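Below is one structure, written out as structure tokens; comments come after it.
There are 2 protein chains.
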Amino acid sequence: MILNNYNKEDKILLAVDCIIFGFDKEQLKILLVKRDFEPEKGNWSLMGGFLKKEEDLDKAAIRILNHLTGLNNIYMEQVYSFSKVDRDPAERTISVIYYALIDIASHNKELLKQNPIHWFNLKDAPKLIFDHNRMVERAMSRLRKRALNKPIGFELLPEKFTMRQLQKLYEAILDRKLDKRNFINKFNSLDILIKLDEKDMSSSKKGAFLFQFNEKKYNLKVQEGFNFKL
Amino acid sequence: MILNNYNKEDKILLAVDCIIFGFDKEQLKILLVKRDFEPEKGNWSLMGGFLKKEEDLDKAAIRILNHLTGLNNIYMEQVYSFSKVDRDPAERTISVIYYALIDIASHNKELLKQNPIHWFNLKDAPKLIFDHNRMVERAMSRLRKRALNKPIGFELLPEKFTMRQLQKLYEAILDRKLDKRNFINKFNSLDILIKLDEKDMSSSKKGAFLFQFNEKKYNLKVQEGFNFKL
DNA sequence: TAAATATGTGTAATTTTAACACTAATATTT
DNA sequence: AAATATTAGTGTTAAAATTACACATATTTA
Numbered sequence: 001m002i003l004n005n006y007n008k009e010d011k012i013l014l015a016v017d018c019i020i021f022g023f024d025k026e027q028l029k030i031l032l033v034k035r036d037f038e039p040e041k042g043n044w045s046l047m048g049g050f051l052k053k054e055e056d057l058d059k060a061a062i063r064i065l066n067h068l069t070g071l072n073n074i075y076m077e078q079v080y081s082f083s084k085v086d087r088d089p090a091e092r093t094i095s096v097i098y099y100a101l102i103d104i105a106s107h108n109k110e111l112l113k114q115n116p117i118h119w120f121n122l123k124d125a126p127k128l129i130f131d132h133n134r135m136v137e138r139a140m141s142r143l144r145k146r147a148l149n150k151p152i153g154f155e156l157l158p159e160k161f162t163m164r165q166l167q168k169l170y171e172a173i174l175d176r177k178l179d180k181r182n183f184i185n186k187f188n189s190l191d192i193l194i195k196l197d198e199k200d201m202s203s204s205k206k207g208a209f210l211f212q213f214n215e216k217k218y219n220l221k222v223q224e225g226f227n228f229k230l
Numbered sequence: 231m232i233l234n235n236y237n238k239e240d241k242i243l244l245a246v247d248c249i250i251f252g253f254d255k256e257q258l259k260i261l262l263v264k265r266d267f268e269p270e271k272g273n274w275s276l277m278g279g280f281l282k283k284e285e286d287l288d289k290a291a292i293r294i295l296n297h298l299t300g301l302n303n304i305y306m307e308q309v310y311s312f313s314k315v316d317r318d319p320a321e322r323t324i325s326v327i328y329y330a331l332i333d334i335a336s337h338n339k340e341l342l343k344q345n346p347i348h349w350f351n352l353k354d355a356p357k358l359i360f361d362h363n364r365m366v367e368r369a370m371s372r373l374r375k376r377a378l379n380k381p382i383g384f385e386l387l388p389e390k391f392t393m394r395q396l397q398k399l400y401e402a403i404l405d406r407k408l409d410k411r412n413f414i415n416k417f418n419s420l421d422i423l424i425k426l427d428e429k430d431m432s433s434s435k436k437g438a439f440l441f442q443f444n445e446k447k448y449n450l451k452v453q454e455g456f457n458f459k460l
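Chains as they are written, first to last, in my numbering: chain L, 1 to 230; chain D, 231 to 460.
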């Protein structure tokens, strides 16, 4: 009745496109690539590639990210599949999008090797090929939801960070100012940060204490039913 | 650099599987189909089909739902893509899942025409083929999120409903008891229901007032920044 | 030693959520 | 005709969460 004969069915190209978010002290950024073949040669694009027969989508996303940036062990998450018939004028292609989160500072060396890729501030990213701008929007909205429901600094900040950096990150993702005291109070009440003795002296004369995520404690609490909620 | 040559790439079968949720006074249900071909012939399965070259995923989901149930104008939403290499032993297939919401009572005539399909209570649904049980779980978790962030009765209830029915629906989706008075107070404060003069006499001697969603008002409020939050 | 700069801290008011129990209407039974 | 059984309908109070808000501290540089 349903899938009665696999052989008759259409087979289709399946692309994976990656929305790579990075954070660098102040601004939320996105990594784009200059496309070097037709159609749309020379225009800015997300990083993409095609799914191979012998890999699943998660693997493909990891492979594509790694191939284009050299990066490994990056947090990625599937977001949505785009499938308008004419979305790619060259050929019918479905694109499954993934977003990635990167702490720019601690990965910049690897990245800089690569040629035609560039970090843009999310706010002034250029027009992208095909439906890629809409993909970015959707990934962004997913990122926003995630930020409210899971701690996000694990991936998008250096291992040690100041409260102010953490706050800036949340402000960038949520795109609104947060109150300094309320933010700190809130995070303290969640009790998933470790305050270090070290200070970061780069941002002020007084210096600011560094913190770390207590991932172990966080995971334990989650197991016990804890629900992060900013 | 990236997608350098479309022709070299693998093309793959793309399935769409539908998780069809229904509600019937008390219970959240799911519509399943008995598979009538190999592999897994005779076992219960989600409704599925393959994407055709000339349609996008949303269209395919609508077509599949309609073909198997006769239903039209049903709310559907894309959830996630499943892609494990060996998920379908017959052939490499990616499956994009959609969930649908149906008011069972007002559609049962159309549905009953169809042969090997059956409503199961979600709680005692059978083991399904392939990764379909995991698909149901994921769709369910998406439905739960949606219920907390958007009014859901538009699709899963008859046009006119009692407060008690609405509450039962939310209880079924969220899988926990809610307090009657708090629930009503909350919904009243949202101010998106119309209280009718009519009563439903089927559930009690006293009768219960019927309500309707005020979709126009709801949409207006959303435009003005209103955020439904149960 | 004065000025400049970013850090760090607590309380009170407001809003939201959660807990909770009785009366009303009416059909059915005795 | 009265008693009973059943679901509908309604408000208040306590607790918790969120928001708003201002000044002293440490240190470098002028």
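Beta carbons: idealized from backbone N, C-alpha and C, even for Gly. Everything numeric in this text was worked out from a predicted model, so none of it was measured.
Between the options, which lies nearest to residue i when the distance is taken from Cα to Cα?
| i | options | result |
| --- | --- | --- |
| residue 428(D) | 336(D), 393(D), 452(D) and 265(D) | 393(D) |
| residue 251(D) | 387(D), 239(D) and 406(D) | 387(D) |
| residue 281(D) | 247(D), 258(D), 259(D) and 263(D) | 247(D) |
| residue 123(L) | 137(L), 117(L) and 129(L) | 137(L) |
| residue 104(L) | 118(L), 130(L) and 186(L) | 118(L) |
| residue 38(L) | 372(D), 235(D) and 371(D) | 235(D) |
| residue 49(L) | 42(L), 40(L), 68(L) and 41(L) | 68(L) |
| residue 25(L) | 57(L), 172(L), 79(L) and 186(L) | 172(L) |
| residue 445(D) | 373(D), 389(D), 362(D) and 323(D) | 389(D) |
| residue 276(D) | 351(D), 288(D), 261(D) and 270(D) | 261(D) |
| residue 130(L) | 141(L), 109(L), 142(L) and 88(L) | 88(L) |
How far does the beta strand (DSSP E) with residue i in it extend, from its first residue to its last?
| i | result |
| --- | --- |
| residue 306(D) | 305 to 312 |
| residue 387(D) | Residue 387(D) -> no beta strand (DSSP E), and no H or E assigned at all. |
| residue 103(L) | 93 to 103 |
| residue 34(L) | 27 to 34 |
| residue 47(L) | 47 to 50 |
| residue 17(L) | 11 to 24 |
| residue 359(D) | Element bounds for residue 359(D): n/a, residue is neither H nor E. |
| residue 426(D) | 423 to 430 |
| residue 458(D) | Run containing residue 458(D): none; DSSP gives neither H nor E here. |
| residue 234(L) | Nothing in the structure corresponds to residue 234(L), since chain L is present only between 1 and 230. |
Count the other CB atoms within 10 Å of the CB of residue i; is the residue buried (16 or more) or exposed (fewer)?
| i | result |
| --- | --- |
| residue 106(L) | exposed |
| residue 365(D) | buried |
| residue 290(D) | buried |
| residue 35(L) | buried |
| residue 424(D) | exposed |
| residue 418(D) | exposed |
| residue 450(D) | exposed |
| residue 206(L) | exposed |
| residue 181(L) | exposed |
| residue 433(D) | exposed |
| residue 391(D) | buried |
| residue 3(L) | Annotation note: pLDDT 46 at residue 3(L) (below 50); position unreliable, coordinate value reported separately. Buried is the call here. |
| residue 239(D) | buried |
| residue 409(D) | exposed |
| residue 325(D) | buried |
| residue 176(L) | exposed |
| residue 399(D) | buried |
| residue 378(D) | exposed |
| residue 201(L) | exposed |
| residue 263(D) | buried |
| residue 448(D) | buried |
| residue 305(D) | exposed |
Could you tell me the distance, in whole angstroms, from the CA atom of residue i to the CA atom of residue j?
| i | j | result |
| --- | --- | --- |
| residue 244(D) | residue 314(D) | 13 Å |
| residue 192(L) | residue 222(L) | 11 Å |
| residue 302(D) | residue 331(D) | 12 Å |
| residue 426(D) | residue 395(D) | 15 Å |
| residue 384(D) | residue 443(D) | 7 Å |
| residue 44(L) | residue 125(L) | 9 Å |
| residue 329(D) | residue 86(L) | 25 Å |
| residue 320(D) | residue 440(D) | 50 Å |
| residue 55(L) | residue 82(L) | 20 Å |
| residue 77(L) | residue 19(L) | 10 Å |
| residue 237(D) | residue 53(L) | 14 Å |
| residue 145(L) | residue 229(L) | 10 Å |
| residue 184(L) | residue 456(D) | 28 Å |
| residue 70(L) | residue 28(L) | 21 Å |
| residue 93(L) | residue 12(L) | 7 Å |
| residue 58(L) | residue 438(D) | 51 Å |
| residue 1(L) | residue 371(D) | Unreliable positioning characterises residue 1(L) in this predicted model, as indicated by a pLDDT of 42, which lies under 50. The coordinate reading is nonetheless provided below. Straight-line Cα distance between these residues: approximately 29 Å. |
Grab the span of the alpha helix (DSSP H) containing residue i for me, first residue to last.
| i | result |
| --- | --- |
| residue 452(D) | 445 to 453 |
| residue 185(L) | 180 to 190 |
| residue 170(L) | 163 to 174 |
| residue 66(L) | 57 to 69 |
Is residue i near the ligand MN - that is, is its Cβ less than 6 Å away from at least one heavy atom of it?
| i | result |
| --- | --- |
| residue 376(D) | What this structure holds is no ligand at all, so the ligand MN is not there to describe. |
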